[in-house]
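Residue numbers (numbering that gives the first Met the number 0): 0 to 325.
Even glycine gets a Cβ: it sits at the ideal position worked out from N, Cα and C.
Computed from a predicted model, the values in this text were never measured in an experiment.
A quick write-up on the structure given underneath.
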Amino acid sequence: MRINIRGRSLTYVAATIGILGLIAGCGGSDDQPAASPASPAATGTTLSVTATALPEESPPTENPPAHPVETFTLAASDVTFPAMVPSQLPVAPSGFMRRWGVYETAMVWAVDRPELEMRLITGWEMDSDGLGWTLELKQGVQFHGGWGEMTAEDFVWSFEDEIRDGSIHSGIGLARATGAKAEAVDIYTVSIRLDMFNSFFFEAFFGNGSGASTKVFSKKRIETLGVDAAFLDLSGGTGPFVFEKWAQGDEVVLEAFDRYHGTPSRLRTVRILEIKEPATQIAALKSGQVDASLVPAPLAEDVARDPSLGTLAFGIPGSQRLYPQG
0 MRINIRGRSL TYVAATIGIL GLIAGCGGSD DQPAASPASP AATGTTLSVT
50 ATALPEESPP TENPPAHPVE TFTLAASDVT FPAMVPSQLP VAPSGFMRRW
100 GVYETAMVWA VDRPELEMRL ITGWEMDSDG LGWTLELKQG VQFHGGWGEM
150 TAEDFVWSFE DEIRDGSIHS GIGLARATGA KAEAVDIYTV SIRLDMFNSF
200 FFEAFFGNGS GASTKVFSKK RIETLGVDAA FLDLSGGTGP FVFEKWAQGD
250 EVVLEAFDRY HGTPSRLRTV RILEIKEPAT QIAALKSGQV DASLVPAPLA
300 EDVARDPSLG TLAFGIPGSQ RLYPQG
């Protein structure tokens, strides 16, 4: 579990028995059978969806590791459903998708130092003129739902869909202003070129610290399902957790992905409950309804008086977030 927060001052609060589980708990692993095909459903103001799998799955390359049968529950103030298509993805749900370890970016901010660590890439190099980068993608990264291996084609498609005409993605302005273009050099190599130098572009698109961060989607998933169906479909990420359920205004359920390319998860299931008010979140902690919550720092002193709860302030300036991954 990567623990960091961004923006206003916040404090991580957990029942003392559960805090170690959260810090050590979330990673990923190597072999998750795809979910059975299901039809997304939207009823009234409540949206509940399930993942859709490609009919033919890639066979596992090794036996899946054992997971402890353990559920961790987190309180969140908002679980607004995201559009599962890059160009239609608002900023806030976009953050949920990467913070909860379902979708990933090329690099992630380190927990304990202001450095970017590689996640979906194994290396990168700046072009000699300073106007571009070459990214070497990690091989063997599998998409959730049996949509195959991540390639440069998926990376380029995800980037281009984010900045196409009609996109509401927050990175479109910066990409258009710099004339950014992406090209698949070969199956695992991506070239990004700009028309003008910009010192913010690299971190904005390739890190996980901004609304512009490029999360890699499966191109095959969009082409197979069509944009309308893909909009509601929960499959297709690469992270250590898979969306099992997303009930808008209620809860999100994540399950460990057994074919994850990184460190195996120590948790099998993560539930994220929507609880709007910090005071109600703290009450849920005290009652045992949830294991952890993020609350405003001014409430930390009151929380610290309760011997059954523990508090942890964390993060480094400019990279303060909570990531249930690796």
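Between Gly238 and Gly129, the C-beta gap is not smaller than 8 Å, which leaves the two residues out of contact.
Counting only residues of its own chain and dropping the five nearest sequence neighbours on each side, Ala109 has a CB closer than 6 Å to the CB of Glu116.
By the neighbour-count criterion, in which a residue is buried when 16 or more other Cβ atoms sit within 10 angstroms of its Cβ, Met125 is exposed. When DSSP states are grouped into helix, strand and coil, Ser157 belongs to the helix group.
Nearest C-alpha to Arg304 among Ile281, Thr223, Asp290 and Gly287: Ile281. The Cβ-Cβ distance between Arg192 and Gly122 does not fall below 8 Å.
The Cβ neighbour count for Thr262, taken over all protein chains shown within 10 Å, is under 16; the residue is labelled exposed. Annotated as distal: Ser234 and Trp156, with beta-carbon spacing of 8 Å or more. Contact check for Phe216 against Pro297 fails: the beta carbons are separated by 8 Å or more.
Note that the stretch 159 to 167 does not touch the stretch 135 to 144; fewer than 3 beta-carbon pairs, one per stretch, sit closer than 8 Å.
Gly172: member of the alpha helix (DSSP H) spanning Ile171 to Thr177, first to last residue. Under the 10 Å beta carbon count, Val78 is surrounded by 16 or more other beta carbons and is classified as buried. Under DSSP, Phe71 takes part in a beta bridge, and its partners are Val269. Taking the Cα of Glu182 as reference, the smallest distance to any Cα among Gly208, Phe200, Phe201 and Phe154 is reached at Phe154.
Val289 counts as buried, since at least 16 other C-beta atoms from the protein chains shown sit within 10 angstroms of its C-beta. Between Met83 and Ala229, the CB-CB gap stays under 8 Å.
The DSSP-derived three-state label of Thr279 is helix. DSSP, read as helix, strand or coil, puts Ser86 in helix. Short of 6 Å from the beta carbon of Glu69, and not among the five residues preceding or following it, lie these beta carbons of its own chain, in chain order: Leu266 and Arg267. A residue is called buried once 16 or more other Cβ atoms fall within 10 Å of its Cβ, and Met149 is buried on that count.
Taking Arg175 as reference, the option from Asp257, Ala211, Thr72 and Glu276 with the minimal CA-CA separation is Ala211. One alpha carbon belongs to Arg220, the other to Pro306, and they sit about 49 Å apart. Your pair Leu311 and Ala74 does not check out as a contact, with CB atoms roughly 15 Å apart and the cut at 8 Å.
DSSP, read as helix, strand or coil, puts Val302 in helix. Residue environment for Gly172: exposed (fewer than 16 other C-beta atoms within 10 angstroms of its C-beta).
Closest by C-alpha distance to Ala179, out of Met106, Val241 and Phe205, is Phe205.
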